[in-house]
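S.K.:
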Amino acid sequence: MIGANYLVDAVLIVRTLKEMRWTPQAFMAHAGFTTVPDFLQATGRDGWYFMARAPWALGIAARKPLVARVNDLYRRKYNADMDEVVARAFTGMLTLADALNRAGSTAPAAIQAALRETKIPGAQLIMPWQGIEFDQYGQNKHAAGIMTQILDGQYKVVWPFEIAEAPIVWPMPAWDRR
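Quick note: the sequence shown uses our numbering, first residue 6, plus one each step.
1) Within 10 Å of its beta-carbon, does residue 143 have 16 or more other beta-carbons around it, so buried, or fewer, so exposed?
2) Would you list the one or two residues that DSSP bridges to residue 145?
3) Who are residue 156's beta bridge partners in DSSP?
4) Comparing alpha-carbon positions, which option in 70, 55 and 116 lies nearest residue 133?
5) Can you tell me where the beta strand (DSSP E) holding residue 56 begins and where it ends?
6) Have a look at the DSSP bridge pairing and note the partners of residue 126.
7) Starting from residue 33, trace the beta strand (DSSP E) both ways and give me its first and last residue.
8) My guess is that residue 61 and residue 92 are in contact by the Cβ rule of under 8 Å, so how many angstroms apart are they, rounded?
9) Decide if residue 154 is buried, meaning its Cβ has at least 16 other Cβ atoms within 10 Å, or exposed.
10) How close, in whole Å, do the beta carbons of residue 152 and residue 31 come, if the pair is a contact with beta carbons under 8 Å?
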């Protein structure tokens, strides 16, 4: 099953599936509901094993030490871990700062040219990407999402396999086996 729902809808879907005693082999969401803690608070163990495509997850730190170092700095300042919104904003500002330094000017044309020439290697990023390099349309050629799955009440990276924290559980266990 594939979904792209708001939180209220997602909780209703979980409750309805359980009430119907029907367990899909998998439920994959396009970001949104399963990546926020409110989903687990509302569904408890019934929310386990749901998967979501996400741009980022803290579990990447297991394979990418830079993520842990940046998150530690963030946690010291804000008393919370980074989330996908913070990670994207951080990466966007890092990219802009890099372009501004290379532009040598605040003139819009110089900044635009520097952005077009951006080449930041993946090792310098907290995102799960191979790097940042823009195509002719201004899209990052190396951007890619990840898949997370809720396992033992925690969001775990399960794909791509090179950075996975845990194997995918497929099919989802029946409701009475959670």
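Where a beta carbon is used, it is the ideal one built from N, C-alpha and C, also for glycine.
M.R.: Checking against the coordinates, here is how it stands:
1) Flag for residue 143 reads exposed.
2) The partner list for residue 145 (beta bridge, DSSP) reads 139.
3) Answer is 159, bridged to residue 156.
4) Minimum Cα distance to residue 133 is reached at 70.
5) First-last of the beta strand (DSSP E) with residue 56: 56-59.
6) Answer is 136.
7) Residue 33: member of the beta strand (DSSP E) spanning 33-35, first to last residue.
8) Confirmed, Cβ separation roughly 4 Å.
9) Buried, because 16 or more other Cβ atoms sit within 10 Å of the Cβ of residue 154.
10) Residue 31 and residue 152 do not touch by the CB rule: their CB atoms are close to 10 Å apart, not below 8 Å.
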